[in-house]
Amino acid sequence: MEILVCIKQVPDDSVEIYLNSSTGKPNLDGISEIVNAFDTYALEMATRLKEKIGGEITVVSIGDESVKNSLKNCLAVGADKAYLVKEDDANSLGTDGVVKYLIKAKDDIEKILDKKFDIVFCGKEATDYASSQVGLLIAEQLGLPSVANVVDIEVENEVTKLKQETDDGYNIIETKLPCIVTVQKPNYEPRYPTIKTKMAARKKPIDELEPAEKSENIMEVVNVFEPAKRSAGVKLKAETAEEVVAQAIKIMTDAKVF
Numbered sequence: 000m001e002i003l004v005c006i007k008q009v010p011d012d013s014v015e016i017y018l019n020s021s022t023g024k025p026n027l028d029g030i031s032e033i034v035n036a037f038d039t040y041a042l043e044m045a046t047r048l049k050e051k052i053g054g055e056i057t058v059v060s061i062g063d064e065s066v067k068n069s070l071k072n073c074l075a076v077g078a079d080k081a082y083l084v085k086e087d088d089a090n091s092l093g094t095d096g097v098v099k100y101l102i103k104a105k106d107d108i109e110k111i112l113d114k115k116f117d118i119v120f121c122g123k124e125a126t127d128y129a130s131s132q133v134g135l136l137i138a139e140q141l142g143l144p145s146v147a148n149v150v151d152i153e154v155e156n157e158v159t160k161l162k163q164e165t166d167d168g169y170n171i172i173e174t175k176l177p178c179i180v181t182v183q184k185p186n187y188e189p190r191y192p193t194i195k196t197k198m199a200a201r202k203k204p205i206d207e208l209e210p211a212e213k214s215e216n217i218m219e220v221v222n223v224f225e226p227a228k229r230s231a232g233v234k235l236k237a238e239t240a241e242e243v244v245a246q247a248i249k250i251m252t253d254a255k256v257f
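See below:
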C-alpha cells in the first residue's frame, strides 16, 4: 500500500490571534507554526492503516524552509518519506494554486519512487484559511473517486471501505483504489513522537521538489475580520431552582428569544 499524505503548516490554533491594526492582517508575531490539526488526523489514520496492512507513507507540503520542521514531526509519528515543494510565498497561491502544486508534486514523487500512490489523504480543511476544497479538487482534476469527512477506513482486496461523518450520522462508502480521502476528526487522537522516533526522523532526508508554474489566482482574500467577541454571561442567584428558572425565562422573554 503506497500512501501520500498532504500536510500544511499553519499558525498554532490554540493561541488567540488578533489583527494588526495597521495592516489589517493577522498578527502572527511569536505564534508557533504547527501541522494543521486535520492533517495530523489524516496522518494518524494513514499510519494505522499501514500498521494493519503494510505499506509506506510519504508526506508532502508546500512552503519555505521552516516547513521542514513540521515534516520532521510527521516522520517521527508514522511517515516514511517527506518532500517539500519549495515556495516562500505559499499563502499567495490560492486554492487553485495549491491544487496545481500538489498534483505536480504527486506526479514527481511517483516518478522518483517508481511507484503509484493507492490513497491520497488530506485533512478536511486547514485551520487558518478553511476552504474544504483542496482534496476534492485534486480528485476532480485527476479523475479519481473521492470521499470527504472520513473518520475510519478499511482496505481489503483493492476495495476501500470508508466511514463518512454527516450531519445526520454516518455513511459507509466503498470505492476502488486509487482514491482521495479527506479526513474529519476520528474517535482517537494523533500519537505523540518519542525520543527514539524523533532521533530517527532527524536522520531522514527531506527532498525538495520544483514547484508548478504559477497561474493566476481565481480567489483573492479581500479582507479579514476578527470573530465577534462573546458578551459576558449572566449569573443567576436564587433560593430555589424554580426561582432561577423564572429569572432565566424573564431574561429570555425581555431579549425576545422566544
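Position one of the sequence shown corresponds to residue 0 (numbering that gives the first Met the number 0), numbered consecutively onward. From the three backbone atoms N, C-alpha and C, an ideal C-beta is built for every residue, glycine too.
Looking at the DSSP output, Ser-60 sits in a beta bridge with Leu-83. Annotation: Asp-166 to Lys-202 spans about 44 Å, alpha carbon to alpha carbon.
Leaving aside the five residues that flank Ile-250 on each side, the residues in its chain whose CB is nearer than 7 Å to its CB run, in chain order, Val-233. Looking at the DSSP output, Glu-188 sits in no beta bridge, so it has no partner there.
Taking a C-beta distance under 9 Å as the contact criterion, Glu-43 and Glu-1 do not qualify as a contact pair. DSSP links Val-149 through a beta bridge to Gln-163 and Val-182. In this structure, Val-66 is the residue among Phe-37, Val-66 and Phe-120 with its C-alpha nearest to the C-alpha of Ser-31. Inclusion of Gly-122 and Ala-227 in the CB contact set at 9 Å is not warranted, their separation being larger than that value. The Cβ atoms of Leu-208 and Asp-107 sit closer than 9 Å to each other. Under the three-pair Cβ rule at 8 Å, the region 158-165 does not count as touching the region 18-34.
Cβ atoms of Cys-178 and Leu-135 stay farther apart than 8 Å, at about 12 Å. One thing to note: Thr-57 has its Cβ no nearer than 9 Å to the Cβ of Asp-38. Annotated as distal: Ile-61 and Leu-27, with beta-carbon spacing of 9 Å or more.
By the neighbour-count criterion, in which a residue is buried when 16 or more other Cβ atoms sit within 10 angstroms of its Cβ, Lys-7 is buried.
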